[in-house]
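Notes for the one structure printed next.
Numbering (our numbering), first residue to last: 331 to 656.
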């Protein structure tokens with residue numbers, strides 16, 4: 331096999347999870363040409379990665395009919411590449427339609443139904459290609475990292491270790507209390523006065539981090555200032571990521587950044603970060619855990635409120651200590 335097309339159309343976090351597995355595949359098969367296909371609005375991130383020769387953007391936004399039309403228009407160009415196989419990490423009707431026309435006998439499809447972590451399913455899919463492959467590689471190689479360092483420096487980064495605090499869960503059942511974040515920040519700064527906090531994400535995130543920005547004016551505030559690819563590059567500069575379930579958390583984890591994930595309603599059996607550089611504090615031990623609900627049936631969001639700042643501080647320190655000892 332010489333030419334492989336990997337497809338992951340959506341969502342952003344799920345697309346990112348697959349990168350270490352594709353990087354591992356590329357490292358063990360340096361002569362393999364890997365192209366990648368995803369939705370146009372998130373194509374800037376894979377375009378920054380050296381493991382991909384081409385990145386094919388699928389236009390049409392999130393509209394099914396528009397995506398179908400875009401796929402039909404793109405198919406002739408894909409057929410001209412003469413791919414030996416397709417790795418369908420999406421496994422929906424659009425990626426399936428394309429796969430069946432590009433390489434009907436040499437397509438490996440992602441298991442989208444099993445209650446096992448997304449990363450494990452990516453690993454299983456890559457393993458089925460019949461190529462040399464043993465493990466993911468979290469040192470995802472980028473074409474240029476200078477923009478991220480310049481952006482950080484322009485916004486107050488002194489070169490100190492960066493700690494990313496990311497209260498960006500989409501639902502209330504994914505929100506660790508804001509007061510807990512502030513208490514954690516106070517504890518962390520007391521032990522590590524030279525460290526700087528960094529906040530990255532949509533401008534709407536600033537309301538959730540304002541108290542920390544006021545308390546620690548040396549923090550680097552990039553809320554609303556980064557494109558997806560810039561956010562990805564910034565994560566590479568961090569020493570630690572403390573985050574709720576979000577795309578930014580996956581950006582950090584897939585680049586080998588020590589990641590402590592706070593999962594409330596998110597099913598941990600699907601999307602938790604994996605490996606020795608991550609720790610997921612999830613709700614799977616509760617009778618109501620992994621509920622995937624936007625509102626808490628209990629009314630107290632015990633899955634997250636039980637995680638005290640002291641507990642999370644200990645988890646972060648333990649994870650960093652483990653990484654240093656490996």
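Even glycine gets a Cβ: it sits at the ideal position worked out from N, Cα and C.
Here the structure is a predicted model, which means the values were calculated and not measured.
Using CA atoms only, rank isn't needed, just tell me which of the options is closest to residue i.
i, options, result
"residue 557", "478, 544, 353 and 599", "478"
"residue 647", "572, 614 and 485", "572"
"residue 635", "351, 649, 523 and 611", "611"
"residue 473", "559, 443 and 605", "559"
"residue 460", "416, 380, 420 and 522", "416"
"residue 436", "511, 497, 336 and 356", "336"
"residue 546", "454, 534, 532 and 486", "486"
"residue 386", "392, 394 and 376", "376"
"residue 589", "452, 482, 339 and 643", "643"
"residue 632", "506, 517 and 549", "506"
"residue 421", "440, 403, 508 and 334", "440"
"residue 424", "566, 412, 599 and 392", "392"
"residue 384", "334, 508 and 579", "334"
"residue 484", "652, 628, 371 and 550", "550"
"residue 475", "601, 565 and 602", "565"
"residue 442", "341, 555, 544 and 580", "341"
"residue 637", "536, 508 and 552", "508"
I need the DSSP call for residue i, collapsed to helix, strand or coil.
i, result
"residue 459", "coil"
"residue 331", "coil"
"residue 566", "coil"
"residue 516", "helix"
"residue 349", "helix"
"residue 610", "strand"
"residue 539", "helix"
"residue 387", "strand"
"residue 408", "helix"
"residue 652", "helix"
"residue 451", "helix"
"residue 722", "Lying outside 331 to 656, the shown extent of the chain, residue 722 is not represented and no answer is given."
"residue 398", "helix"
"residue 635", "helix"
"residue 439", "strand"
"residue 647", "helix"
"residue 344", "helix"
For residue i, which residues from the same chain have a beta carbon less than 7 Å from its beta carbon, with the 5 sequence-adjacent residues on both sides left out?
i, result
"residue 501", "595 and 624"
"residue 405", "428 and 431"
"residue 400", "388, 389 and 390"
"residue 650", "570 and 588"
"residue 470", "349, 350, 353, 379, 584 and 585"
"residue 463", "354, 355, 358, 456 and 457"
"residue 641", "none"
"residue 503", "594, 595, 623, 624, 625, 626 and 631"
DSSP has residue i in a bridge; who is on the other side?
i, result
"residue 382", "364"
"residue 337", "367 and 418"
"residue 493", "527 and 570"
"residue 588", "570"
"residue 551", "529"
"residue 472", "379"
Give every residue of the same chain whose Cβ lies closer than 8 Å to the Cβ of residue i, excluding the five residues on either side of it in the sequence, and list them in chain order.
i, result
"residue 332", "361, 362, 363 and 414"
"residue 568", "492, 493, 494, 528, 582 and 587"
"residue 656", "Low per-residue confidence applies at residue 656: pLDDT is 45, beneath 50, and the placement is therefore not dependable, though the value from the model is reported in the following sentence. Only 606 meet the Cβ criterion."
For residue i, collect the residues of the same chain with a Cβ closer than 6 Å to its Cβ; drop the 5 residues on either side in sequence, then sort them by chain order.
i, result
"residue 524", "490"
"residue 408", "432"
"residue 510", "639"
"residue 468", "350 and 586"
Taking the CB atoms as reference points, tell me whether residue i and residue j lie closer together than 8 Å.
i, j, result
"residue 295", "residue 613", "One cannot answer for residue 295 here, as it falls past the ends of the chain, which runs 331 to 656."
"residue 456", "residue 562", "no"
"residue 515", "residue 542", "yes"
"residue 382", "residue 365", "yes"
"residue 449", "residue 346", "no"
"residue 466", "residue 343", "no"
"residue 338", "residue 380", "no"
"residue 608", "residue 591", "yes"
"residue 539", "residue 497", "yes"
"residue 599", "residue 434", "no"
"residue 438", "residue 418", "yes"
"residue 548", "residue 526", "yes"
"residue 554", "residue 578", "no"
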